[in-house]
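Student:
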Amino acid sequence: MLLAMRSEVENAFECVCSQLDLHMSDFGLEEPPEEVEAILASNIAYRVQKEMGKPPSEVAGKIVKLLDLENFQYVDRVYAEGPYINFVPSAKYFKETLEGAQEENYGQFQKRGETVIVEHTSANPTGPVHVGRARNPIIGDSISRILSFAGYQVERQYYVNDSGKQVATLIWAFEKFNERDMGDLKKDRGDYDIVRYYQLSNVYLENSSIEDKNIAELEISDILGKIESGDEEIYQKLVSITEMVLGGMKECLYRISVEFDEFIRETKFIQDGSVDEMVDRLKQLDSAFQEDGAWKLGIPGEEKPLVFLRSDGTSLYTTRDLCYHEWKLERADKIVTILGEDHKFQAEQLTKTLSLLGAETSRIRQVFYSWVNLPEGGMSTRKGTGINLDDLLDESVKRARGEVTAREGSRIREMELKKSDIDRISRQIGIGAIRCGIVATQPGKGITFDWDDALSFERQGAPYMQYVHARCCGILAKQKSDIQGVDSTLLNSKEELDLLHEISRLPFVVSSAAEALEPHRIITYAQKLAEKFNIFYRECPVLKGTDSELMAARLSLVTATKNAMSNSLYLVGIESPDSM
RNA sequence: GGACACGUGGCCUAGCCAGGAUAGGGCGAGAGGUUCCUAACCUCUAGAUCGCGGGUUCAAAUCCCGCCGUGUCCGCCA
13 MLLAMRSEVE
23 NAFECVCSQL
33 DLHMSDFGLE
43 EPPEEVEAIL
53 ASNIAYRVQK
63 EMGKPPSEVA
73 GKIVKLLDLE
83 NFQYVDRVYA
93 EGPYINFVPS
103 AKYFKETLEG
113 AQEENYGQFQ
123 KRGETVIVEH
133 TSANPTGPVH
143 VGRARNPIIG
153 DSISRILSFA
163 GYQVERQYYV
173 NDSGKQVATL
183 IWAFEKFNER
193 DMGDLKKDRG
203 DYDIVRYYQL
213 SNVYLENSSI
223 EDKNIAELEI
233 SDILGKIESG
243 DEEIYQKLVS
253 ITEMVLGGMK
263 ECLYRISVEF
273 DEFIRETKFI
283 QDGSVDEMVD
293 RLKQLDSAFQ
303 EDGAWKLGIP
313 GEEKPLVFLR
323 SDGTSLYTTR
333 DLCYHEWKLE
343 RADKIVTILG
353 EDHKFQAEQL
363 TKTLSLLGAE
373 TSRIRQVFYS
383 WVNLPEGGMS
393 TRKGTGINLD
403 DLLDESVKRA
413 RGEVTAREGS
423 RIREMELKKS
433 DIDRISRQIG
443 IGAIRCGIVA
453 TQPGKGITFD
463 WDDALSFERQ
473 GAPYMQYVHA
483 RCCGILAKQK
493 SDIQGVDSTL
503 LNSKEELDLL
513 HEISRLPFVV
523 SSAAEALEPH
533 RIITYAQKLA
543 EKFNIFYREC
553 PVLKGTDSEL
563 MAARLSLVTA
573 TKNAMSNSLY
583 LVGIESPDSM
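Remember, the working numbering sits 12 above the position in the first sequence when you count from 1.
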């Protein structure tokens, strides 16, 4: 509804500007401060004071006179306050917001017939997901949900790095070592099983004599060559090992509600000939050259050339990624990739090379995040220095359970919590806190891991928002009969109107979060919504001490809040508990 | 050395891209609030030269330049 109001106001400004012979496209629309009655404001007066030759407050007054209220459906009143032009929403604005938000899919946009491939996580299939990179699935999944809600046709892809040195090392380790060489299995799952081989092989490569090390490296590069030439036996081994790891990762990610539509293997592009074809095409480019037996490509604006073919004739990560990107560009209108900031350079080389190959790189967007590091440094699967996401989740659910049980006896509740409720609530809160904690912070900011920070159930964190949903459900569960003929004008207190206004912002927030690929905007919104609801809840009894008409109107408001909240939480992958 | 990102009360964070009303929250600290729909709530108080220095502008946390601090990258690794 805010979107509709904005476009009404924009149209009106266009009209006024043409009357005044002003040419501008930005009318300085902004959100006024809390205590102002208006919900939309313009600082256009500042922008045109020179052209008008008058002080801003005078300009504002003049523009207000020229704005034609007749055409406004959603604006009740326009007034100048100093240099600002403020717009107060109409009864119709609130009425339609309330009606629209009765729908469970409130805030969702119509399909717009545009497809987007979101690639995220794509961690090397060498071991369990650790916390260092946990921002990737959480940001990627949230962006996927938001884009989908905003009307795009979204496909979520995991690009499996099943070629290249670390997988060759893994296959080598599997032949070299036996189960009895391995330490204890921390968790009976494929990713935990395999990672032991990977870590042991790295210990071996670091600590062996030079001769042993050289032999091992020759054996590994032999395996790499076989992967590259499409050797069937090696490929079968590769698939079975990586499937074991991926199976474990999927299970882990499923715990935080992250799922994929497709897993795309790097080897796919080797086997279908795309890589060979890519190498040939790159060689044809003007800036391609051969040096020390390897093929390189000079890239405009880059100091270092891109090496796209090793001197032994095997391809490199970026070469294969180029094939994957071209394949994605064929299949979707837009592609979004979530990457760690350590991949920035590679991503830039990739994009520029694609552009040299004639691709429309404006359809590509990349979102970078910085790693979650330990106080003593980065987490590494290879070195085994990471904190596994599973452990973080287990600990979070455990601490959430502590919070749930601590509150159990100390409060008035009509129904006792069953064991299954405690399990459910602990899980919803524990997992929600992790997702919220990660998505609430801008991806670019660095995070140093700290158990207490990661696991705090702070006010205005996930439980605060989840609690609002539970409160709404609690009220609605007590509702006796269906409500009909709601009169939205009965909702006229400041608390009610503030809440309704907040609800009306959801579609605007969804579209801007989708446009900017910034899921944390949803969290910021949901916090505000929760705050407004809690104030309403305090001041406005819904079921008690109100006549039936007011009760009906307030019940609608509660339903609207519930829908806006559960959709907001859904968009960042947090569950909405019916009770807490 | 070069490139990129980040720097907002003791701690964490929003706002920055599209400059505009008193820099918005939270944690922690202090004071209050529940015979009433779940107090994981609400209200109030204290606490900020928005890293530093210049510049542009009627107006800068926001844009530009320089500097400082932190992180990342600059591989025939991924």
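Glycine included, each C-beta is placed from N, C-alpha and C at the ideal position.
Please read all numbers here as calculations on a predicted model, not as lab measurements.
Any contact of the stretch 327-341 with the stretch 361-380, i.e. 3+ C-beta pairs under 8 Å?
Tutor: yes
Student: Our contact map puts Ala482 next to Pro589 with C-beta atoms below 8 Å; I'd like the distance itself, whole angstroms only.
Tutor: 5 Å
Student: Given this structure, state the Cα-to-Cα distance separating Tyr598 from Asp196, to the nearest angstrom.
Tutor: Examination of residue 598 is not possible in this model, given that the chain is present from 13 through 592 alone.
Student: Do you know how far the Cα of Ile253 is from the Cα of Phe615?
Tutor: The shown model of the chain, from 13 to 592, leaves out residue 615, and the question about it has no answer.
Student: Pull up the CB-CB distance for Gln114 and Thr571, whole angstroms please, since I reckon it's below 8 Å.
Tutor: 6 Å
Student: May I have the straight-line CA-CA distance separating Cys484 from Lys574, to the nearest angstrom?
Tutor: Spanning the two alpha carbons is a distance of roughly 6 Å.
Student: Give the C-beta separation of Ala344 and Glu167 to the nearest angstrom, bearing in mind that I take them to be a contact with Cβ-Cβ under 8 Å.
Tutor: Glu167 and Ala344 do touch by the CB rule: their CB atoms are close to 7 Å apart, below 8 Å.
Student: Between the beta-carbon of Thr326 and the beta-carbon of Leu182, is there less than 8 Å?
Tutor: no
Student: Does the distance from the C-beta atom of Pro110 to that of Leu569 stay below 8 Å?
Tutor: Per the sequence shown, residue 110 should be read as Leu rather than Pro. Against a cut-off of 8 Å, the Cβ pair of Leu569 and Leu110 comes out as a contact.
Student: Where does Val215 land, buried or exposed, given buried means 16+ other C-beta within 10 angstroms?
Tutor: exposed
Student: Residues in the same chain with beta-carbon distance under 7 Å from Lys540, minus the five sequence neighbours each way, listed in chain order, please.
Tutor: Glu514
Student: So what does DSSP say about Pro101, is it helix, strand or coil?
Tutor: strand
Student: What residue from Ile350, Ile547, Met17, Tyr329 has the CA that sits closest to Pro101's CA?
Tutor: Met17
Student: As a quick exercise: from Gly139, Lys62, Phe25, pick the residue whose alpha carbon is nearest that of Phe39.
Tutor: Per the C-alpha coordinates, the member of Gly139, Lys62, Phe25 positioned closest to Phe39 is Phe25.
Student: If you draw a straight line from the C-alpha of Glu263 to the C-alpha of Glu271, how long is it?
Tutor: 9 Å
Student: What residue does the beta strand (DSSP E) around Gly202 start on, and which one ends it?
Tutor: Element bounds for Gly202: not the beta strand (DSSP E) but the alpha helix (DSSP H), 202-219.
Student: Am I right that Leu503 and Ile446 are in contact with their C-beta atoms under 8 Å? What's the rounded C-beta distance?
Tutor: With 8 Å as the limit, Leu503 and Ile446 do not qualify as a contact, their Cβ atoms being about 36 Å apart.
Student: Would you tell me roughly how many angstroms separate the C-alpha atoms of Glu507 and Asn23, rounded to the nearest one?
Tutor: 30 Å
Student: Within the same chain, show all residues whose beta-carbon is closer than 8 Å to that of Lys104, passing over the 5 residues directly before and after it, in chain order.
Tutor: Gln85, Tyr86
Student: State the DSSP-derived secondary structure class of Lys490, mapped to helix, strand or coil.
Tutor: DSSP places Lys490 in coil when its eight states are reduced to three.
Student: Quick check: is any heavy atom of the ligand FMN less than 7 Å from the C-beta of Gly389?
Tutor: The ligand FMN is not among the ligands present in this structure, which contains no ligands whatsoever.
Student: Go ahead and pull the three-state DSSP assignment for Ser286.
Tutor: helix
Student: Would you give the residue range spanned by the beta strand (DSSP E) that Lys308 belongs to?
Tutor: 306-309
Student: If you run the structure through DSSP and keep just helix, strand and coil, what is Val128?
Tutor: strand
Student: I'd like to confirm the pairing. Which residues does DSSP put opposite Lys346 in its beta bridges?
Tutor: Note: Lys346 sits in a beta bridge opposite Val128.
Student: Should Asn400 and His35 be called a contact, given that it needs their Cβ atoms to be closer than 8 Å?
Tutor: no
Student: Could you check what DSSP says for Val416 in three-state terms: helix, strand or coil?
Tutor: In the displayed model, Val416 falls within a helix according to three-state DSSP.
Student: Alpha carbon to alpha carbon, how far is Arg436 from Glu428? Give it in angstroms, no decimals.
Tutor: 14 Å
Student: Relative to the C-alpha of Tyr118, which candidate in Ala538, Pro519, Val554 has its C-alpha closest?
Tutor: Tyr118 has its Cα closest to that of Pro519, out of Ala538, Pro519, Val554.
Student: Rounded to whole angstroms, what is the Cα-Cα separation between Gln478 and Asp559?
Tutor: 29 Å
Student: With C-beta atoms as the reference, is Ile158 less than 8 Å away from Ile534?
Tutor: yes
Student: Do Tyr476 and Ala564 come within 8 Å of each other at the CB atom, strictly closer than that value?
Tutor: In this structure, Tyr476 does not lie closer than 8 Å to Ala564 by Cβ.
Student: Taking 6 Å as the limit between beta carbons, can you name the residues of its chain near Ser516, skipping five residues before and five after?
Tutor: Met13, Leu14, Thr109
Student: Alpha carbon to alpha carbon, how far is Leu309 from Leu467?
Tutor: The alpha-carbon atoms of Leu309 and Leu467 are separated by roughly 47 Å.
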